[in-house]
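Each residue of the sequence shown is one higher than the last, beginning at 6 in the working numbering. Virtual Cβ for every residue (Gly too), placed ideally from N, Cα, C. Read through the structure below, which is laid out as structure tokens, and then see the notes.
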Amino acid sequence: MTAASATSISDGFETVAPAKRKRDPVLIGLWIALLVVAAIWLAPFIFIVFTSLKNQADVTSTGAFMPPLDPAFENYSNAWGRGNFASAFLNSAIITVIKVPLGLILSAMAAYALAKIRLRFSKLLLLLVVFGTMIPFQVMLAPLFTLVNSLGLIDTYPGVILPYIAFGVPYQVFILHGFFRGIPKELSEAALIDGASHFTIFRRIFLPVCLPVLAALLILDFVSTWNEFAMALVLLQDQHMWTLPLGLMSFQGQFSNDYGQLNAAIVMTVLPATIVYLIFQRYFVSGLTSGAVKG
6 MTAASATSIS DGFETVAPAK RKRDPVLIGL WIALLVVAAI WLAPFIFIVF TSLKNQADVT
66 STGAFMPPLD PAFENYSNAW GRGNFASAFL NSAIITVIKV PLGLILSAMA AYALAKIRLR
126 FSKLLLLLVV FGTMIPFQVM LAPLFTLVNS LGLIDTYPGV ILPYIAFGVP YQVFILHGFF
186 RGIPKELSEA ALIDGASHFT IFRRIFLPVC LPVLAALLIL DFVSTWNEFA MALVLLQDQH
246 MWTLPLGLMS FQGQFSNDYG QLNAAIVMTV LPATIVYLIF QRYFVSGLTS GAVKG
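Structure representation (structure tokens):
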């Protein structure tokens, strides 16, 4: 093919320029708002972390958001020893590790019974459970202390775990009930025809399906239990039974002027909850969305 013919062929086709992709102003605005909110949320955490790595002289001489020139990692070990956080960490771990799984199991079983088992007063029972989410636990602190004290459970693990479960179950049942109502009833009816019991149906069919919702509730329950302060302050009077929030309160009262060690204690207190959230955060949004299904 000669150059002239190639030129004539190419002249027969119009060159189409790639269309420019239009930028959505709404999407740009959402991204800007998201960045602003993220910066506002991260600013206090950055301040706490930077301060926890500074000695007392650097805290007063450098800016709040200036990174430490010579990181003082000994603030963490000193705060851990001076604040007796080993005992407080163990108490928080025992209470949270027992309470969170036990509360989720009880809530899942109760939600399944209210959603899939034909009961005469199921709607009334659900209403009573949901009513439990409307009562602020601060109102119940005085009678709760009287009840726990009459049972001889003050300064014990059961004395804290049982009230934690009682105040956490209603919200979890409400979320899981909406999720179970969204599952087709044909699944459970077919299993019942085949001779399966309700416990088998719950364990083999519903429990695997609701794992994302349970993961989301686990995050919320873990964080709220780990950081709970008011109820633990009332029910745990022995210093050796204190949880991390109570230990942090005591440490702040004794070493409020040592900003480096105080912020190091804060980081150590919130770090476990942050790690749990980062592990399960992929299930957080999807789990709560699934639990909001209207039955």
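Count the other CB atoms, across all protein chains shown, that sit within 10 Å of the CB of N154; report buried if there are 16 or more and exposed otherwise.
-> exposed
Could you give the DSSP three-state label for I110: helix, strand or coil?
-> helix
Is V228 closer than 8 Å to L181 when the C-beta atoms are compared?
-> no
Pull up the distance between the alpha-carbon of V214 and that of Q259, whole angstroms please.
-> 49 Å
From what residue to what residue does the alpha helix (DSSP H) around T161 run?
-> Where T161 is concerned, there is no enclosing alpha helix (DSSP H), given that its DSSP letter is neither H nor E.
Residue burial classification, S97 (beta-carbon count within 10 angstroms, cutoff 16) = buried
Leaving out the 5 sequence neighbours to the left and right, which residues in its chain are closer than 8 Å to I53 when beta-carbon positions are compared?
-> N268, I271, V272
Using 10 angstroms around the beta-carbon of K121, count the other beta-carbons present and answer buried if the total reaches 16, otherwise exposed.
-> buried
Cα-Cα, which of L216, I170, L197 is closest to E233?
-> I170
Three-state secondary structure (DSSP) of W231 = helix
Mind checking which residues open and close the alpha helix (DSSP H) that includes V1?
-> This structure does not reach residue 1, given that the chain is present from 6 up to 300, and the question cannot be answered.
With Y264 and T56 assumed to form a contact (beta carbons below 8 Å), what rounded beta-carbon distance in angstroms separates them?
-> 6 Å
Return yes when the Cβ of A93 is within less than 8 Å of the Cβ of G252, no when it is not.
-> yes
Straight-line Cα distance separating F126 from Q143 = 30 Å
Quick one: does F179 have its CB under 8 Å from some CB of chain B?
-> Of the protein chains in the structure, only one exists, and it is not chain B.
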